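Okay, so the sequence shown: first residue is 12 according to our numbering, each after it adds one.
Below is one structure; the comments refer to it alone.
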Amino acid sequence: MHRADVFTPCGTAIEFQNSPITLAEMRSREAFYPKLVWIVNGKKFKGFRLLKNLPHPNDPKLANYEFCNSDHLSMVRKSEVLSDFIKPTVLNFFHPEIKGVAITSNFYHFCWKQPHAVWYETKAPIFVDLGGHFLYQMRTRKQLSGDYAYLEMISRKSFIERYVCLG
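Dropping the structure here:
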């Protein structure tokens, strides 16, 4: 038996999560609610912080590159990953190959020193609440060298318009 924290007029269940959750419990809730959205309290994540603004992760200019999973915003050439280079060349956004790629104001590179791995397994949309006027949707860019998690910032108003369906 599950009871959503919020059940909207358009049938979306919103779960606010302030404490750790097991993978089994998360999957149980996701199976129970066909339209589920998670909002997790990011202030309680130890070692979680926003680092830098990103270019749009699906920018066509980045098609031949992969983001590095490190604290520093950098990329490697996909061709070097495919060729099994032991240490692919690390490029920052001042490197001539990717210098012209525009950095956005709504995509973020983040660091999470002690991640709750369960949140990387969710099928439902997950939003991190760090306080303020914005939420951060956790997204994933599929890559050969391993998926790259990033955040997309959205306003609380946009979230309500999209998921609460008041009108």
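By construction, the Cβ of each residue, glycine as well, lies at the ideal position given by its N, Cα and C atoms.
Here the structure is a predicted model, which is why all the values come from computation and not from measurement.
(message) Taking the beta carbon of Q28 as the centre, do at least 16 other beta carbons fall within 10 Å, making it buried, or is it exposed?
(response) buried
(request) Tell whether a beta-carbon distance below 8 Å holds between L61 and Y119. (result) yes
(request) Go to V87, then tell me how far its beta strand (DSSP E) extends in each direction, as first and last residue. (result) M86 to R88
(message) If you measure between the beta carbons of R152 and D158, is that distance less than 8 Å?
(response) yes
(message) Looking at the secondary structure, which residues open and close the alpha helix (DSSP H) in which R40 lies?
(response) L34 to F43
(message) Per the DSSP calculation, S66 is bridged to which residue(s)?
(response) This sequence places Pro at residue 66; Ser is not what is there. P66 is bridged to I114.
(message) Let's see if you can read the secondary structure: which residues bound the alpha helix (DSSP H) around R173?
(response) R167 to Y174
(request) Find out if the Cβ-Cβ distance for the pair Y147, I25 is shorter than 8 Å. (result) no
(message) Quick check on this structure: which residue in T19, I165 and F43 has the alpha carbon closest to the alpha carbon of S116?
(response) I165
(message) Measuring only the C-alpha atoms, how far is F121 from P66?
(response) 13 Å
(request) Ignore the nearest five residues each way along the sequence and tell me which others in A113's own chain have a CB closer than 7 Å to its CB. (result) P66
(request) Identify whether E132 lies in helix, strand or coil by the three-state DSSP scheme. (result) coil
(message) Quick check: C176 and P20, are their CB atoms within less than 8 Å of each other?
(response) yes
(request) Please confirm whether N80 and R88 have their CB atoms less than 8 Å apart. (result) no
(message) Looking at the secondary structure, which residues open and close the beta strand (DSSP E) in which T19 lies?
(response) Careful: T19 lies outside any beta strand (DSSP E) and carries neither H nor E.
(request) Please classify L47: is it buried, with 16 or more other beta-carbons within 10 angstroms of its beta-carbon, or exposed? (result) buried
(message) What does the alpha-carbon distance come out to for the pair K124 and F59?
(response) 6 Å
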